[in-house]
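Below you'll find the structure, written out as structure tokens, and then a few comments.
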Amino acid sequence: MIERLVERARARGLSADGLWRSEERTAIAFESGRLKSAGIVEEAGTNLRVISGGRVGVAGTTAAGDAEADALLERALASAALGEQVPLSLPSAAPLPTLSIFAEPAERASVEAMVALGRGLLERVTRDGCQVNVSVEREISETRVANTAGAGGRYRATAVALSVDVIRVAGDDVLMVYDQYVGTDLPGAADVDRLVDAVTTRLELGLRVAAPPEGSLPVIFTPSGLSAILLPLEQALSGKAVLQGISPLAGKIGERRFDPRLSLTDDPLAPGRAGSRPLDDEGVPSATLPLIERGVVRGFVYDLETAARAGVRSTGNGRRGVFGKPRIGYTNLVLSANGAGKRKGGTGGLGGGLVAGVKDGLLVEDLIGVGQGNVIGGGFSHPVALAYRIENGEITGRVKDAAVAGNAYELLAKIGGVGTDGRWLSSRYSPSLLLEGVSVARR
Numbered sequence: 002m003i004e005r006l007v008e009r010a011r012a013r014g015l016s017a018d019g020l021w022r023s024e025e026r027t028a029i030a031f032e033s034g035r036l037k038s039a040g041i042v043e044e045a046g047t048n049l050r051v052i053s054g055g056r057v058g059v060a061g062t063t064a065a066g067d068a069e070a071d072a073l074l075e076r077a078l079a080s081a082a083l084g085e086q087v088p089l090s091l092p093s094a095a096p097l098p099t100l101s102i103f104a105e106p107a108e109r110a111s112v113e114a115m116v117a118l119g120r121g122l123l124e125r126v127t128r129d130g131c132q133v134n135v136s137v138e139r140e141i142s143e144t145r146v147a148n149t150a151g152a153g154g155r156y157r158a159t160a161v162a163l164s165v166d167v168i169r170v171a172g173d174d175v176l177m178v179y180d181q182y183v184g185t186d187l188p189g190a191a192d193v194d195r196l197v198d199a200v201t202t203r204l205e206l207g208l209r210v211a212a213p214p215e216g217s218l219p220v221i222f223t224p225s226g227l228s229a230i231l232l233p234l235e236q237a238l239s240g241k242a243v244l245q246g247i248s249p250l251a252g253k254i255g256e257r258r259f260d261p262r263l264s265l266t267d268d269p270l271a272p273g274r275a276g277s278r279p280l281d282d283e284g285v286p287s288a289t290l291p292l293i294e295r296g297v298v299r300g301f302v303y304d305l306e307t308a309a310r311a312g313v314r315s316t317g318n319g320r321r322g323v324f325g326k327p328r329i330g331y332t333n334l335v336l337s338a339n340g341a342g343k344r345k346g347g348t349g350g351l352g353g354g355l356v357a358g359v360k361d362g363l364l365v366e367d368l369i370g371v372g373q374g375n376v377i378g379g380g381f382s383h384p385v386a387l388a389y390r391i392e393n394g395e396i397t398g399r400v401k402d403a404a405v406a407g408n409a410y411e412l413l414a415k416i417g418g419v420g421t422d423g424r425w426l427s428s429r430y431s432p433s434l435l436l437e438g439v440s441v442a443r444r
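Per our numbering, the very first residue in the sequence shown carries number 2; after that it's consecutive.
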């Protein structure tokens, strides 16, 4: 359908681009140790954008057929009549990179096999006094992108997620531990082992409760605990935030704003990752984009519209759904810190070997309320959901009724240590980071 739409738009002298995507999602859920649901959902839809008289209009549909194609084009034109003036230029045809984002074993896996995968994980993490929930999700998708300038492409992708959370309630004390595997293929035995070890370790360390420390202290943020630290950067490195004049990093390209060991990259070409793709949803070929390189700000992410308004080129970060206009979206965010693995303490254990060097501090796995408030400014203040006390280089117990606060930009300007535990969490890769001078308070 998308090809017919583009041809009809071209025949009428219009500039247009569109996306067609079909998705089949299989979801298995175990709740409190029992199989709760298993189902398959299929969806498909088309999004069309036209440029008429310099104005941009967008329309979408989940229907198919020639009649619907004509109706969709007319709706997009009607939208353009009321749309904004945007100096939008569609990309021309260009070679696309080759990458592995489709796994046949994941595509062929039956519902029974997925149920068995979830049940196997459930049995390994079940323990007395705990509620265990496990989910297995598999998505098979096909995407087609085309425009009147000749650009476009198509690709198929698979994505698999295996998640587990364990909840232990003892009186008024609630301990929750969560972890997941995400990739384009089914998890292997080593992946499942890692999930089991991660959940078991966190649960056992959390059975003992320790008094929270207070003051300006060193805090280790694990890969899962880094959300509050990295979210301000994600917002500030968006071209939209730059255009709106709210990014603290606007106008800072080429300046060293962070610790020289810190690098952050948007990588749509990472093999085996669910966020990877050969081109974005606007037909721009994918390429690795350095955002921060050894502490120096290198660039921002743009889609076609924000790039046009800023007078720069799109970075291939356009995302679109069936309805609504394209927007900026990251693919795979990779945080690398030079010097990882050089710190004394080895590669094992929670915190990636950083715990041994902390006399008195905290290790943060999860925070409450991340994403609320003026995130882009860098300031954060959150109660801990899961954190551990560190005393004399050892974890002595789980901390309750504590909160951490600080400013992400200031903390990342001087990193105290880099863990050896780099790992993927959904579409983000990072090691643990030791940040000095985080404010820790009792609640």
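The C-beta atom is built at its ideal place from N, Cα and C for all residues, glycine as well. For clarity, every value in this text was computed on a predicted model and none was experimentally measured.
Around the beta carbon of E235, a 10 Å sphere encloses 16 or more other beta carbons of the protein chains shown; the residue is thus reported as buried. According to DSSP, residue pairing for S136 in a beta bridge involves A30, S164.
Judged by beta-carbon spacing, S136 lies within the 9 Å limit of L163, meaning their Cβ atoms are closer than that value. Between L435 and P219 a beta carbon distance of about 6 Å is seen, short of the 8 Å cut, so the two are scored as contacting. If only complete runs of 3 or more residues are kept, the stretch 356–402 shows the beta strand (DSSP E) at 361–368, 380–392, 395–400, in order along the chain. If you compare the alpha carbons of L49, T316, A94 with that of A79, the shortest gap goes to L49.
Residue nearest to G420 within the set G252, A357, N408 is A357 (criterion: CA-CA distance). The stretch 226–242 makes contact with the stretch 284–303: 3 or more CB pairs, one atom from each, lie closer than 8 Å. In this structure, W21 and V183 do not form a Cβ contact; the two beta carbons are roughly 25 Å apart against a cut-off of 8 Å. By the C-beta criterion, the stretch 106–118 is judged not to be in contact with the stretch 287–299, since fewer than 3 inter-stretch pairs fall below 8 Å.
In chain order, I29, V112, V116 place their CB closer than 7 Å to the CB of A39, counting only its own chain and leaving out the 5 sequence neighbours on each side. Secondary structure note for R56: its beta strand (DSSP E) is the uninterrupted segment 56–62. In this chain, Q86 is not harboured by any alpha helix (DSSP H), its DSSP state being neither H nor E. Between the alpha carbons of A64 and R109 lies a gap of roughly 27 Å. Checking the DSSP bridge columns, you'll see Q181 partnered with S164.
Counting along the chain, L436 sits inside the beta strand (DSSP E) bounded by residues 434–443. According to DSSP, N408 shares a beta bridge with G380.
In the structure shown, D174 adopts extended strand secondary structure according to DSSP, grouped into three states. If the five residues before and after R5 are omitted, its C-beta is found closer than 6 Å to the C-beta atoms of A70, all from its own chain and listed in chain order.
Contact check for D194 against D180 fails: the beta carbons are separated by 9 Å or more.
E306 sits buried, since 16 or more C-beta atoms from the chains shown fall within 10 Å of its C-beta. Straight-line measurement puts the Cα of D282 at about 22 Å from the Cα of A72. Assigned with DSSP and collapsed to three states, V302 falls in strand. Under DSSP, R169 shares a beta bridge with C131, L176.
Contact check between the stretch 141–153 and the stretch 85–94: three or more CB pairs, one atom from each, fall below 8 Å, which counts as touching.
Taken through DSSP and simplified to helix, strand or coil, L123 comes out as helix.
Rounded to the nearest angstrom, the gap between the Cα atoms of I391 and L187 is 36 Å.
Straight through space, the alpha carbons of T223 and R314 are spaced by roughly 35 Å. Of the residues assessed, V170 falls on the exposed side of the cut-off, its CB having fewer than 16 other CB atoms within 10 angstroms. Counting other Cβ atoms within 10 Å of its Cβ, E43 stays below 16 and is therefore classed as exposed. In this structure S337 is not in contact with G317, their Cβ atoms being roughly 20 Å apart against a cut-off of 8 Å. Beta bridge pairing from DSSP links V220 with L363, L436.
A buried status is given to P279, since no fewer than 16 other beta-carbon atoms sit within 10 Å of its beta-carbon.
In this chain, the alpha helix (DSSP H) harbouring K241 covers 240–245. Between the stretch 366–382 and the stretch 398–411, the count of C-beta pairs closer than 8 Å reaches three or more; the two stretches touch. Between S427 and I221, the alpha-carbon positions lie close to 20 Å from each other.
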